[in-house]
Amino acid sequence: MDVKDIIKEENLVFKKTKLLTDNILSYCPGCGHGVAHRITMEVIEEMGIVADTIGIAPVGCSVFAYEFMNVDMQQVPHGRAPANATGIKRCWPDKFVFTYQGDGDLAAIGTSETIHACNRGENITIIFINNGIYGMTGGQMAPTTLVGMKTSTTPYGRDVKLMGNPIKMTELVAHLPGTYYVTRQAVHTPLSVRRAKKAIQKAFEIQKEKKGLSFVEIVSNCNSGWKMTPVEANKWMEENMFPFYPLGDIKVDGKMVNK
Amino acid sequence: MGETRLMKGNEAIAEAAIRAGCDAYFGYPITPQSEIIEYLAAQEPHKRTGMVLLQAESELAAINMVYGAAGTGKKAMTSSSSPGISLMQEGISYMAGSELPCLIVNIVRGGPGLGTIQPSQADYSQATKGGGHGDYKLIVLAPASVQEMSDFVPLAFDLAFKYRNPAMILSDGVIGQMMEKVELFDQVPRATEFDQSWATTGKTPDRERNIHTSLDLDPARFERHNRHLQEKYRKIIENEVRFEKIECDNADYVIVAYGSSARICQKTIKLAREKGIKVGLLRPITLFPFPAKEIEKLTDHVKGFMAVELSAGQMVEDVRLAVGKTRKVEFYGRMGGMIPTPIEILNVLEEKFSGG
Numbered sequence: 026m027d028v029k030d031i032i033k034e035e036n037l038v039f040k041k042t043k044l045l046t047d048n049i050l051s052y053c054p055g056c057g058h059g060v061a062h063r064i065t066m067e068v069i070e071e072m073g074i075v076a077d078t079i080g081i082a083p084v085g086c087s088v089f090a091y092e093f094m095n096v097d098m099q100q101v102p103h104g105r106a107p108a109n110a111t112g113i114k115r116c117w118p119d120k121f122v123f124t125y126q127g128d129g130d131l132a133a134i135g136t137s138e139t140i141h142a143c144n145r146g147e148n149i150t151i152i153f154i155n156n157g158i159y160g161m162t163g164g165q166m167a168p169t170t171l172v173g174m175k176t177s178t179t180p181y182g183r184d185v186k187l188m189g190n191p192i193k194m195t196e197l198v199a200h201l202p203g204t205y206y207v208t209r210q211a212v213h214t215p216l217s218v219r220r221a222k223k224a225i226q227k228a229f230e231i232q233k234e235k236k237g238l239s240f241v242e243i244v245s246n247c248n249s250g251w252k253m254t255p256v257e258a259n260k261w262m263e264e265n266m267f268p269f270y271p272l273g274d275i276k277v278d279g280k281m282v283n284k
Numbered sequence: 019m020g021e022t023r024l025m026k027g028n029e030a031i032a033e034a035a036i037r038a039g040c041d042a043y044f045g046y047p048i049t050p051q052s053e054i055i056e057y058l059a060a061q062e063p064h065k066r067t068g069m070v071l072l073q074a075e076s077e078l079a080a081i082n083m084v085y086g087a088a089g090t091g092k093k094a095m096t097s098s099s100s101p102g103i104s105l106m107q108e109g110i111s112y113m114a115g116s117e118l119p120c121l122i123v124n125i126v127r128g129g130p131g132l133g134t135i136q137p138s139q140a141d142y143s144q145a146t147k148g149g150g151h152g153d154y155k156l157i158v159l160a161p162a163s164v165q166e167m168s169d170f171v172p173l174a175f176d177l178a179f180k181y182r183n184p185a186m187i188l189s190d191g192v193i194g195q196m197m198e199k200v201e202l203f204d205q206v207p208r209a210t211e212f213d214q215s216w217a218t219t220g221k222t223p224d225r226e227r228n229i230h231t232s233l234d235l236d237p238a239r240f241e242r243h244n245r246h247l248q249e250k251y252r253k254i255i256e257n258e259v260r261f262e263k264i265e266c267d268n269a270d271y272v273i274v275a276y277g278s279s280a281r282i283c284q285k286t287i288k289l290a291r292e293k294g295i296k297v298g299l300l301r302p303i304t305l306f307p308f309p310a311k312e313i314e315k316l317t318d319h320v321k322g323f324m325a326v327e328l329s330a331g332q333m334v335e336d337v338r339l340a341v342g343k344t345r346k347v348e349f350y351g352r353m354g355g356m357i358p359t360p361i362e363i364l365n366v367l368e369e370k371f372s373g374g
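First to last, the protein sequences are chains A and B. According to our numbering, the first sequence is numbered sequentially starting from 26. According to our numbering, the second sequence is numbered sequentially starting from 19.
Have a look at this one:
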């Protein structure tokens with residue numbers, strides 16, 4: 026049998042969405058960003074909304090999101106993405122506007138913009154990638170770095186007395202009346218990818234219905250920053266990140282989920 | 019003739035924004051310019067023209083809301099005063115780098131630091147030399163009357179869109195707070211159809227995706243981008259210099275002053291001529307581009323120049339560059355919210371040029 030006999034339409038089991046460019050990903054092998062990008066773009070393609078979608082790229086590893094996401098995008102100052110998204114959405118209430126931000130961007134320098142966009146209930150979608158570290162700048166402490174976790178600026182582990190506690194932004198914004206859907210997901214297993222994609226789809230559906238802000242956290246790995254192999258990083262994430270950042274819906278249909 | 023009203027400078031800017039078809043205003047209150055957002059709120063511009071008005075949580079958020087809206091091709095603006103404008107510098111630098119048009123109004127107060135709420139012109143260097151990080155320029159207009167506060171709003175938007183560059187109206191607490199008669203221009207409808215070829219409004223099948231970014235890690239390509247920006251600024255210098263000359267043609271001495279200082283100096287030159295001293299006034303209307311050539315031309319018959327500013331002397335550096343070493347360039351300034359009187363300026367001028 027020739028390889029040409031296998032490459033046929035009916036044998037197709039996976040197809041890259043047209044909304045990802047062919048540019049070589051700048052992310053480290055094993056990083057969750059690539060999958061998070063793909064499922065976000067798949068949702069936009071499947072919903073048929075690309076002609077009405079504007080994305081905001083942050084500062085951090087995903088500063089280059091616009092190189093890979095084949096949609097109209099603005100790259101904006103560090104932490105300000107929810108403000109830029111607000112400016113767009115207020116002028117174009119029928120368009121779909123999403124931000125894609127890391128933990129340093131969203132939970133440190135951009136805390137104010139995040140909280141106020143959530144509190145105003147801007148009809149936007151915030152996709153928040155939390156890997157507990159600053160990846161782009163070389164592995165420094167993030168606001169989400171776990172207690173005791175080693176980074177290049179906490180070489181002996183995060184000491185709460187010196188550096189304070191890790192912040193749970195997702196639980197925090199869930200308590201604001203402007204958020205309609207708040208969830209925490211992961212993208213390290215096929216099941217978690219499917220669940221995360223469903224969550225992103227739900228977030229864009231909510232935008233369509235103009236019900237308020239949808240906030241999707243994706244707890245992810247940073248094998249380079251954590252100095253682990255991708256497999257080790259995912260295991261470490263399950264054992265250390267998930268107990269502190271538990272996966273699942275936190276707020277659905279504007280109501281807190283009872284656990 | 020358009021509708022005539024007695025208005026504060028700040029109110030005139032707000033009314034002009036609605037009438038110019040501005041799509042969105044994002045701002046954060048700060049004295050002495052809070053009347054701009056208050057006037058807009060009272061007018062309910064969403065009812066008049068569909069204009070968006072939003073009070074942001076900070077100046078950082080406000081300028082980035084402007085960035086977002088401007089990136090979609092909308093006529094967006096913000097206003098603030100000195101400390102707030104300092105906070106906006108990062109966003110302004112990004113917008114200059116990404117080549118996005120917008121209007122920023124700075125009703126200047128005295129600094130440094132929190133300073134005072136009294137008027138000042140101490141933000142000249144920040145406004146005209148870039149302000150934030152990187153090699154960039156803003157188009158800077160300096161109104162000297164409430165009438166110009168109104169007239170310069172559509173002008174600033176036109177220039178911003180012509181060059182796809184942020185434009186600034188640099189005024190101060192005097193012009194912002196004082197009331198004058200102003201003839202308002204007629205309502206311009208907001209543009210519902212406009213060039214979206216460069217805007218991030220959603221990728222349609224007929225075009226590649228649009229990206230607004232100021233980031234490029236390829237040095238050769240990024241230098242080309244910088245050269246392109248510099249070429250644009252050269253075109254602005256060539257085409258957009260605006261100034262007013264009052265009694266300069268037969269003047270022995272010329273005062274160079276803009277904004278509220280120019281208003282005061284109009285009286286100074288009258289008082290001087292009553293005393294037989296031939297003094298003229300050159301008023302830069304655009305601070306960038308600066309009317310350097312026009313000042314240079316005056317050196318053929320003018321014996322000396324004096325820059326008058328509400329600062330320690332910022333524009334005077336540009337006057338010196340324009341004049342060169344052939345003529346004396348003197349300076350008189352007041353700071354901290356103090357405003358000189360016309361006679362005070364005349365006394366200084368007489369003293370400085372007493373030797374001829």
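Note that CB positions come from ideal geometry on N, CA and C, so glycine has one too. None of these values were measured; they are calculated from a predicted model.
Which of helix, strand or coil does DSSP assign to residue i?
i: A:K280; result: strand
i: A:Q210; result: strand
i: B:K26; result: strand
i: A:L45; result: strand
i: A:G80; result: strand
i: B:N183; result: coil
i: A:V101; result: coil
i: B:A34; result: helix
i: A:E147; result: coil
i: B:F371; result: coil
i: A:G73; result: coil
i: B:E387; result: Missing from the structure shown is residue 387 of chain B; chain B here goes from 19 to 374 and no further.
i: A:D128; result: helix
i: A:K227; result: helix
i: B:F306; result: strand
i: A:V96; result: coil
i: A:S91; result: Inspection of the sequence shows that residue 91 of chain A is occupied by Tyr rather than by Ser. Residue state, collapsed to three classes: helix.
List the whole-angstrom C-beta distance separating residue i from residue j, where the pair is believed to meet the contact cut-off of C-beta under 8 Å.
i: B:M113; j: B:A88; result: 7 Å
i: B:R227; j: A:N95; result: 6 Å
i: A:C53; j: A:N156; result: Rounded, the Cβ-Cβ distance is 11 Å, inconsistent with contact.
i: A:K114; j: A:V122; result: 5 Å
i: A:K175; j: A:G182; result: 5 Å
i: A:C86; j: A:M188; result: So it is not a contact: roughly 22 Å between Cβ atoms.
i: B:G20; j: B:D204; result: 6 Å
i: B:H64; j: B:L72; result: That belief does not hold up - the Cβ atoms of B:H64 and B:L72 are roughly 10 Å apart, past 8 Å.
Taking C-beta pairs closer than 8 Å, name the residues in chain A that residue i reaches, listed in chain order.
i: B:L72; result: T111, R115
i: B:A38; result: Going along chain A, no residue has its Cβ under 8 Å from B:A38, so there is no contact; the nearest lies around 16 Å.
i: B:K92; result: C116
Quick check: residue i and residue j, are their CB atoms within less than 8 Å of each other?
i: B:R164; j: B:G27; result: A small fix is needed here, since residue 164 of chain B is Val in this sequence, not Arg. Their beta carbons are under 8 Å apart, which means B:V164 touches B:G27 by this criterion.
i: B:V334; j: B:V347; result: yes
i: B:G39; j: B:A209; result: yes
i: A:A142; j: A:L238; result: yes
i: B:A290; j: B:L367; result: yes
i: A:Q126; j: A:G112; result: no
i: B:M186; j: B:I31; result: no
i: B:Y154; j: B:L233; result: no
i: A:D130; j: A:G163; result: no
i: B:M353; j: B:G128; result: yes
i: B:I287; j: B:I264; result: yes
i: A:G73; j: A:M98; result: no
At 9 Å on the CB atoms, spell out the chain B contacts of residue i, in chain order.
i: A:Q100; result: Y112, S116, I229, H230, T231, S232, L233
At 7 Å on the CB atoms, spell out the chain B contacts of residue i, in chain order.
i: A:S87; result: Neighbours of A:S87 on chain B: none; closest Cβ ~12 Å, over 7 Å.
i: A:T139; result: Ordered by position in chain B, no residue passes the 7 Å Cβ test against A:T139, which lies about 10 Å from the chain.
i: A:Y159; result: Simply none; closest approach about 17 Å.
Could you name the residues of chain B that residue i contacts, counting a contact when the two beta carbons are closer than 8 Å?
i: A:V75; result: G220, K221
i: A:N95; result: K221, R227
i: A:T150; result: Chain B residues near A:T150: none, gap ~14 Å exceeds 8 Å.
Residue i touches chain A at which residues, Cβ-Cβ below 9 Å?
i: B:G45; result: The contacting residues do not exist; B:G45 stays about 12 Å from chain A at best.
i: B:D41; result: C116
Please compile the residues from chain A whose C-beta is within a distance smaller than 7 Å of the C-beta of residue i.
i: B:N365; result: In chain order: nothing, as chain A lies at least about 48 Å away.
(request) Please list the segments of the beta strand (DSSP E) lying wholly inside the region 187-229 of chain B, counting only runs of 3 or more residues, in order along the chain. (result) 197-201
(request) Give, in chain order, every unbroken run of the beta strand (DSSP E) that is at least 3 residues long and sits entirely within the region 309-349 of chain B. (result) 322-327
(request) Could you pull out every unbroken alpha helix (DSSP H) segment of at least 4 residues lying fully inside the region 163-225 of chain A, listed in chain order? (result) 185-188, 194-199
(message) Just to confirm the assignment: which complete beta strand (DSSP E) runs, minimum length 3, are found wholly within the region 128-177 of chain B?
(response) 157-159
(request) Output the residue ranges of the beta strand (DSSP E) runs that lie fully inside the region 245-290 of chain B and measure 3 residues or longer, sorted by chain position. (result) 261-264, 271-274
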